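Undergrad: For the sequence shown, the working numbering assigns the number 239 to the initial residue and increments by one for each residue that follows.
Glycine included, each C-beta is placed from N, C-alpha and C at the ideal position.
Predicted, not measured: the structure shown is a model, and the values here were computed from it.
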Amino acid sequence: MSAVEDKIAALGLKLPQVVPPLAAYQPAVRSGAYVYTSGQLPMVDGALPATGKVGAEVGAEQAKELAATCALNALAAVKSVIGDLDKIQRVVKVVGFVASAPDFTGQPGVLNGASELLGEILGEKGVHARSAVGVAVLPLDAPVEVEIQVEIAE
């Protein structure tokens with residue numbers, strides 16, 4: 239097991255299997271020294287633990303936890319391409335989408351779930367640029383979706 243996976247285990251988490259694509263795309267692709275993930279939903283064992291809009295059916299704190307699950311799923315997608323998460327040189331960018339009730343404006347706080355987890359797992363390598371976007375609806379009525387871009391060591 240890699241040092242990154244040891245850190246994941248030390249946090250009481252487990253790197254999941256890659257979530258199978260829901261349509262015509264790959265979970266992650268490599269281009270040169272970068273791996274780009276597709277948007278990752280907070281799937282756990284093939285199912286969404288919650289659905290609906292953040293600020294209505296889903297609370298902000300629960301959505302933050304779901305964003306962390308998305309980040310873990312994104313790391314699994316990265317591993318499927320590079321084989322060893324220790325090859326991650328840094329997380330370059332995180333983009334997160336939050337299915338938001340009309341009056342919900344806490345998207346950055348929700349996406350902190352993904353950002354904070356990446357920081358806990360990868361330390362300085364997990365520090366990244368980020369966008370947090372509120373949207374009307376996400377696939378399968380998911381509350382949150384996260385994609386990451388990482389630079390890898392050759």
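Going straight from the alpha carbon of G361 to that of S240, what length do you get?
TA: Distance between the alpha carbons of G361 and S240: 15 Å.
Undergrad: Taking just the CA atoms, how far does E299 sit from T343?
TA: If you take the alpha carbons of T343 and E299, they lie about 13 Å apart.
Undergrad: Pair every Cβ in the segment 350 to 357 with every Cβ in the segment 282 to 291, then say whether three or more of these pairs are closer than 8 Å.
TA: The answer is no - the segment 282 to 291 does not touch the segment 350 to 357, with fewer than three Cβ pairs under 8 Å.
Undergrad: Starting from G347 and walking both ways along the alpha helix (DSSP H), at which residues does that stretch end?
TA: Start and end: 345 to 360.
Undergrad: Using a 10 Å radius around the Cβ and a threshold of 16 neighbouring Cβ atoms, would you call G293 buried or exposed?
TA: Buried, by the Cβ-count rule.
Undergrad: So which of A261, G297, K317, Y272 has the shortest CA-CA distance to D341?
TA: Looking at the Cα atoms, G297 is the closest of the given residues.
Undergrad: Tell me the DSSP secondary structure of A391 in three-state form.
TA: Correct three-state label for A391: coil.
Undergrad: Should A261 and Y274 be called a contact, given that it needs their Cβ atoms to be closer than 8 Å?
TA: No, the pair does not count as a contact, with Cβ atoms beyond the cut-off.
Undergrad: My output table needs one value for S338: the three-state DSSP class, helix, strand or coil.
TA: It is a strand residue.
Undergrad: Quick check: the Cα distance between Q255 and L313, rounded to an integer number of angstroms?
TA: Their Cα atoms are separated by approximately 10 Å.
Undergrad: Would DSSP call E243 helix, strand or coil?
TA: Correct three-state label for E243: helix.
Undergrad: Report, in whole angstroms, the separation of the C-beta atoms of L279 and E383, which I expect to be a contact under 8 Å.
TA: The Cβ separation is near 6 Å, so the contact holds.
Undergrad: In its own chain, which residues sit with a C-beta less than 8 Å from the C-beta of A367, not counting the 5 before and 5 after it?
TA: If we look at A367 and ignore the five residues flanking it on each side, its Cβ neighbours are V330, K331, V332.
Undergrad: Contact check, A370 vs K291 under 8 Å by CB: the rounded distance?
TA: Incorrect: roughly 15 Å between the Cβ atoms, too far for contact.
Undergrad: Look at L195 and P381 and say whether their C-beta atoms are less than 8 Å apart.
TA: Nothing can be reported for residue 195: it is not among the residues displayed for the chain, which extend from 239 to 392.
Undergrad: According to DSSP, simplified to helix, strand and coil, what is E385?
TA: Strand at E385.
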